[in-house]
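Visitor:
Protein chains in written order, with the numbering used here: chain A, 1 to 311; chain B, 312 to 618; chain C, 619 to 1074.
#1: Alpha carbon to alpha carbon, how far is residue 121/A from residue 223/A?
#2: Give a yes or no on whether 7 Å exceeds the smallest Cβ distance from residue 915/C to chain B.
#3: Given that residue 371/B touches chain C, what residues does it touch there, using C-beta distances under 8 Å?
#4: At 9 Å on the CB atoms, spell out the chain C contacts of residue 449/B, in chain order.
#5: For residue 1045/C, is the classification buried or exposed, using 16 other Cβ atoms within 10 angstroms of its Cβ as the cut-off for buried?
#6: Tell me the DSSP secondary structure of residue 332/B in three-state form.
#7: Tell me residue 992/C's beta-bridge partners as DSSP assigns them.
#8: With a threshold of 16 other CB atoms inside 10 Å of the CB of residue 418/B, please say whether the residue is buried or exposed.
#9: Could you check whether the Cβ of residue 673/C sits closer than 7 Å to any Cβ belonging to chain A?
#10: Going by DSSP in three states, residue 836/C sits in which element: helix, strand or coil?
#11: If you check the beta carbons only, do residue 835/C and residue 817/C fall under 7 Å apart?
#12: Could you check whether the segment 908–927 of chain C touches the segment 805–815 of chain C, counting it as contact only if at least three pairs of C-beta atoms, one from each stretch, sit closer than 8 Å?
#13: What would DSSP say about residue 771/C, mapped onto helix, strand or coil?
#14: Any beta carbon from chain B within less than 7 Å of residue 228/A's own beta carbon?
#15: Would you mind reading off the limits of the beta strand (DSSP E) that contains residue 779/C?
#16: Which value, in whole angstroms, describes the spacing of the CA atoms of residue 133/A and residue 192/A?
#17: Taking only three categories from DSSP, how would you classify residue 473/B?
#18: Pull up the distance between the alpha-carbon of residue 540/B and that of residue 487/B, whole angstroms please.
#19: Please check if any C-beta of chain A sits within less than 7 Å of the C-beta of residue 533/B.
#20: Sorted by chain position, which residues of the same chain lie with C-beta nearer than 7 Å to residue 686/C's C-beta, five sequence neighbours on each side aside?
#21: Just the C-alpha distance for residue 477/B and residue 578/B, rounded to the nearest angstrom, thanks.
#22: Quick one: which residues of the segment 125–147 of chain A get their C-beta closer than 9 Å to a C-beta of chain C? List them in chain order.
#23: Got a sec, what are the start and stop residues for the beta strand (DSSP E) residue 874/C sits in?
#24: Taking Cβ-Cβ distances shorter than 7 Å, what residues in chain A pair up with residue 336/B?
#25: Can you find a CB in chain B that lies within less than 7 Å of the CB of residue 1065/C?
#26: Is the beta carbon of residue 723/C within less than 6 Å of some heavy atom of the ligand MG?
#27: Quick one: is residue 798/C buried, meaning 16 or more other Cβ sit within 10 Å of its Cβ, or exposed?
#28: Rounded to the nearest angstrom, what separates residue 905/C and residue 484/B at their Cα positions?
#29: Just grab the DSSP bridge partners of residue 818/C for me.
#30: Alpha carbon to alpha carbon, how far is residue 522/B from residue 514/B?
#31: Just reading off the beta strand (DSSP E) that residue 692/C is part of, what are its end residues?
#32: Using a Cβ-Cβ cutoff of 8 Å, what residues of the segment 921–943 of chain C are near chain A? List them in chain order.
#33: Over the uninterrupted alpha helix (DSSP H) stretch that includes residue 1070/C, give me the two end residues.
#34: Taking C-beta to C-beta, are residue 78/A and residue 88/A nearer than 7 Å?
#35: Mind checking if residue 409/B is an interface residue toward chain C, Cβ cutoff 7 Å exclusive?
#36: If we count the other Cβ atoms within 10 Å of its Cβ and call it buried at 16 or more, is residue 585/B buried or exposed?
What follows is the structure, given as structure tokens:
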């Protein structure tokens, strides 16, 4: 009996068999916990949207209102750079202008750059650590892991000086370079999955005379492809929301990333308040591109795909 | 499947030479990552290590002072308090995040095929850390926040979530659990996906119930992924920074002065980069020890699935 | 299929990488480039943090460039939270703004490390009149070496913001509020006001029978954190009337936190929490004081003049903003802490002469009048201050509560010493411990010892 789910029909059949085995779990428990999680997850989002549509100045006269206070599109306009100074001041919002389109493009380019290179190069490294046998392998892996343990703060300043010396301040490469080559996290993650690849496939290919690159690209990679997609999306989101490093490297609008650009809505003065409406609007809008990403790759990530079997 | 004759070449099989194994291809695969490691981790780490033996205020040259920084750390009460609150944070975060994420991943895997629900669970991770912190800062506000107003309405006492030094770190931990729950679930989910159906089917045929299946199949086969998630979450927890920087800035009374925040404030606010580097080195050593222990205990290097 | 996907992705990535490399090779010229662009126009970069002041300074930049066509100023605004790490990394990387708005709490460290330029030669060469500024501001920006590091640009003082609807309901007129008194024993009429403004959930006022201090709805006085080492908006206006200051003059090497007057004041201040008139430390952490005031959770909050725009712009059905002078202490005078900002020139600048011209312009009436008209802060030049007062008045805001201290000389300077950030790191948790009730005012002695040790 083939256990690889070639067709949707087979997939469904296997899954219903799986479900039968689980009649033991009270469905109530499962669905209640999921409902709680969904409510807890969505409510703050609702709060963000409600705040984004409120008039910043009027907001604290009715701070507990579940609906938007004095609804206005002003915050959204401020985020998109469409608001005039007078309008912004009238609503108590931040008057600095934000070059939204430029920041969006910057973020898209930088994050794609980092993610693609990082995952590609890390998967190669992970493959070497998991499926190749060579002298000193485990020691070198342990050393690589040390990079995982290095606090980001520790390498922040030396890396900044390095990027400066390379003349890459205020450029896409300057922001991307330290992360582009590999990520200990991704290497570690993918290695775990490469370890789970059925060795019989590898041996079969070896016997067929395949070189390592072929084994890697034709056999191992496709098997862990869902995990590759997963980790790529997760890393993309991580760099999309990164704040401190891009802040330091960017010196002008040319390389300011979206999340950093939104910093304009944070407190401008000591003892001041953030432009709550602007900040919430900006954050929701900034989350849209990554949300689209998840929608596109969602099926790959969360769908049910079996990844190993025997012929 | 037709078998092709083995093409033997002098002493070398596809398994590589006997002495070095598959070193040659390994090096090629590793080269880019290795370059990145050396240039952007190793070199800065060495530089940072050097700086930990100096007095360096960022604006003029570092001045070598030997182990004075380390001696000062030992007698620094703020450092010990920082370690204590960091450990408190890590413990709360790990327990909640890992256990809840595992539970959630399993629930999602079994109870619903809905992409929508799985997508919703991921939403918090899409929002930047600083924004998440601010949203919760407001929701949990003592006077103007919804949470405390609801507590009031039920008749319970209000809680100073961010202002009470007993509650502050717990709140910070829970805010991070909120943001990372979906993310961690997804990592575990990826691991659940990799478990082949046939193992469960065999168990079902043998009459195993859900809990038994979970305990004897899911958990053991998830071990590499769980180990990975645990190591990552522990290491990540030790580096909590953004949430604190945006809400309590280490207060009240240093109750949320986690170690990374202490390092940052020493380095960038107090211009004491040598001391901050020494603190970082100590943090690294602690993380190394913990990660090593975890890896050993959980045997994360092996997969029970190897056949 | 998988292979071609990999190949495509690789090709795409390489293309993106190449694109990234290309598109930025033209645009990574730092703004303080040496031999500048067309027509020999030198561009100066200028940094500031307050977005409310941005329009005014952009106007100054435009006017300056019009009057001096060989110069151009790029104004960049970064919020307070990120401003100083940006400035610091700028110095570390050797590439910073040419001129930046500076603050007395931060510039001593820069000065000590030679990161900012002294202006004395320029001042002498151009015969800059230093007498046009309000008293005391020029000295704030003299380093321990006696050199002048900035031209004063604005100043701020502290007054009491309040909700006029609440004071009206409590039966206080504007006249009453301008004549408050305070002493550390019983708090004077200041404490009476605070008590009367505090209302619990059943509507009982703080000074009436049956007041439930566990269930307060509106606090008479708001605590805006514990004040740290400066207490600029929290307690210096009280301690000054007892003759106490943190240090005995600028660049001192000892602090006075162990003084009994200070302990007495803090003890009185914490007493308000115990009486229920002021929120506990745990209860005040969160949404900022201004929003709490607007929301009706507080009736009275002392704070700085730079917040005037924010508070007075938030008129609503339940909130009418008002501002009154700080209470008069045992010495019969009402006091305020006095701080002044100035612009520093970075040592990293490649155009020191151009930067000086810009700083000179910023320190001149031409720019400060523009700032005055924006009605956000008080410019440092006396004549410009008058214009600002008028501009505020035109907006319906009476700022005499702030300016009276300058006229009467009832100001204490923001403390300037070395190791400011370390002092803060010691005093903030110490003050927080006291205001949370977990330590008594006797802990100040130990804190002061630790502070003084920094200078040994």
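For every residue, glycine included, the Cβ atom is placed at its ideal position computed from N, Cα and C.
Guide: Let's see:
#1: Rounded to the nearest angstrom, the two C-alpha atoms are 17 Å apart.
#2: Put simply, the CB of residue 915/C is near chain B, with a gap under 7 Å to one of its CB atoms.
#3: Against chain C, a Cβ distance below 8 Å from residue 371/B picks out 731, 732.
#4: Near residue 449/B (Cβ distances below 9 Å), the residues of chain C are 904, 905.
#5: By the Cβ-count criterion, residue 1045/C is buried, with 16 or more other Cβ atoms from all chains shown falling within 10 Å of its own Cβ.
#6: In the structure shown, residue 332/B sits in a strand (DSSP, three-state: E or B).
#7: Partner residues in a beta bridge of residue 992/C, as assigned by DSSP, do not exist.
#8: Residue 418/B comes out buried.
#9: Interface residue, yes.
#10: Three-state DSSP puts residue 836/C in a strand.
#11: Yes, Cβ-Cβ distance for residue 835/C and residue 817/C is below 7 Å.
#12: The answer is yes - the segment 805–815 of chain C touches the segment 908–927 of chain C, with three or more Cβ pairs under 8 Å.
#13: Correct three-state label for residue 771/C: strand.
#14: So no, residue 228/A is outside the interface.
#15: Counting along the chain, the beta strand (DSSP E) containing residue 779/C begins and ends at 776–781.
#16: Using only the alpha carbons, I get a separation of about 15 Å.
#17: Correct three-state label for residue 473/B: coil.
#18: The alpha-carbon of residue 540/B is positioned some 15 Å away from that of residue 487/B.
#19: Residue 533/B has a beta carbon lying at 7 Å or more from every beta carbon in chain A.
#20: For residue 686/C, where only same-chain residues beyond five positions count, the Cβ hits under 7 Å are 975.
#21: About 27 Å.
#22: Correct list: empty, as no residue qualifies.
#23: No beta strand (DSSP E) holds residue 874/C; DSSP gives it neither H nor E.
#24: Here the neighbours are 132, 212.
#25: Chain B, which has no Cβ nearer than 7 Å to the Cβ of residue 1065/C, makes this no.
#26: Only the bare structure without any ligand can be found here, which leaves the ligand MG out of the picture.
#27: With at least 16 other beta carbons inside 10 angstroms of its own, residue 798/C counts as buried.
#28: Here the alpha carbon of residue 905/C sits roughly 19 Å from the alpha carbon of residue 484/B.
#29: As computed with DSSP, residue 818/C is found in a beta bridge with 834/C.
#30: The straight-line gap from Cα to Cα measures roughly 12 Å.
#31: First-last of the beta strand (DSSP E) with residue 692/C: 689–695.
#32: So the close ones are 921, 922, 924, 925, 928, 931, 932, 934, 935, 936, 937.
#33: Boundaries of the alpha helix (DSSP H) around residue 1070/C: 1061–1071.
#34: It is a contact, given that the beta carbons lie within the stated cut-off.
#35: False, the Cβ-Cβ gap to chain C never drops below 7 Å.
#36: Buried.
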